[in-house]
Structure formats: structure tokens, C-alpha cells
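Asker: Let me give you the structure first, and then I'll get to my questions.
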Amino acid sequence: MLSVSPDNICRLIQLSREFHAQEGVTIPDPSGDWARQMLASHADDASLQEFNTIIADLEPDQQQEVVALLWLGRGDYTRAEWQDAIAQAADRWNPQTAEYLIAHPLLADHLEKGLELFGHRCNE
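Count the sequence shown with the numbering used here and you get residues 383 to 506, in order.
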């Protein structure tokens, strides 16, 4: 069961799609601190700002759920392994959750798939 509102997840999906659809958003070579560099160059982006705000407003356990949902939708875990995904997300949690999430170019697709495994769909 999800403690994060499916509506919040759907909004994150929408914002992620808006952000990643922009020209000029590229995910550089993963060596170095690429996520921070990429996000710093888009700091004034309204979609990114709202995305960051939604994540920051979530409790850490809810942020961990969003990360686990990404992993679930990406195929790293099955629905039956949900508690394992949550435990792994809790072990890896840090205050840069928003940066970690938005740095995944297919975030929206993965979150959408993960949400569907819980029986929810976004109305777009």
C-alpha cells in the first residue's frame, strides 16, 4: 500500500515529463557530480522548482516510497518485493532525493509503471 497520494505521484510524473521534454536538458556522462551540475543549470525552471517542492514537502518515509516506486517501475523489484524496495530506499535515503529522482530521464515512465502496479492510473 502507498502512503504517498497517487495524485502527488501523478503530479510528479507530469512535472518530470515537462522538465525532461525541454531542449537543453541533457544527462551528462555519469562520472563526477553530473546530477548537481545538470540541475544547477536549470535551477530557475518552474517545473523543476515545483518538483523539488513536492518532494521536500514529503516525509522521509514518503520520499523513500517514491524512490522505491521508481525502482519498481524500472523493474528492479517486483510488486511482491515492495517491502524490500522500501527497505533499500530507507537505507539509501539522503536529503538529495529530488535530485536523485529527476536525474533519471525515464522517471515519468517508471513512476507511471510503478503506480499502475498498485492499481492507480493518472488522468492526463
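Ideal Cβ positions, reconstructed from N, Cα and C, are used throughout, including at glycine.
Since we're looking at a predicted model, the values are computed, not measured.
Buried or exposed for G455, please, with buried defined as at least 16 other CB atoms from any protein chain shown within 10 angstroms of its CB.
Answerer: Buried is the call here.
Asker: Figure out for me which residue from W453, D443 and Q396 has the closest Cα to the Cα of S429.
Answerer: Among W453, D443 and Q396, the Cα nearest to that of S429 is on Q396.
Asker: Tell me whether W453 sits in a helix, a strand or coil according to DSSP, three-state version.
Answerer: Helix, per DSSP.
Asker: In terms of alpha-carbon separation, which member of C504, H502, K495 and I484 lies closest to G400?
Answerer: It should be pointed out that residue 400 corresponds to Glu in this sequence rather than to Gly. When each option's Cα is compared against that of E400, the closest is I484.
Asker: What is the DSSP secondary structure of V386, reduced to helix, strand or coil?
Answerer: Coil.
Asker: Can you find the residues in the same chain that come closer than 7 Å, C-beta to C-beta, to Q446, ignoring five residues on each side of it along the sequence?
Answerer: Taken in chain order, the residues that qualify are I468, A471, A472 and W475.
Asker: Can you give me the C-alpha to C-alpha distance between L493 and V386, rounded to a whole angstrom?
Answerer: L493 and V386: Cα-Cα distance of roughly 12 Å.
Asker: For N434, I'd like the list of residues in its chain whose CB is within less than 6 Å of its CB, leaving aside the five on either flank, ordered along the chain.
Answerer: Closer than 6 Å at the Cβ level, and outside the excluded window around N434, lie A480.
Asker: Need the endpoints of the alpha helix (DSSP H) that T460 sits in, please.
Answerer: Taken as a continuous stretch (DSSP letters only), T460 belongs to no alpha helix (DSSP H), as it is neither H nor E.
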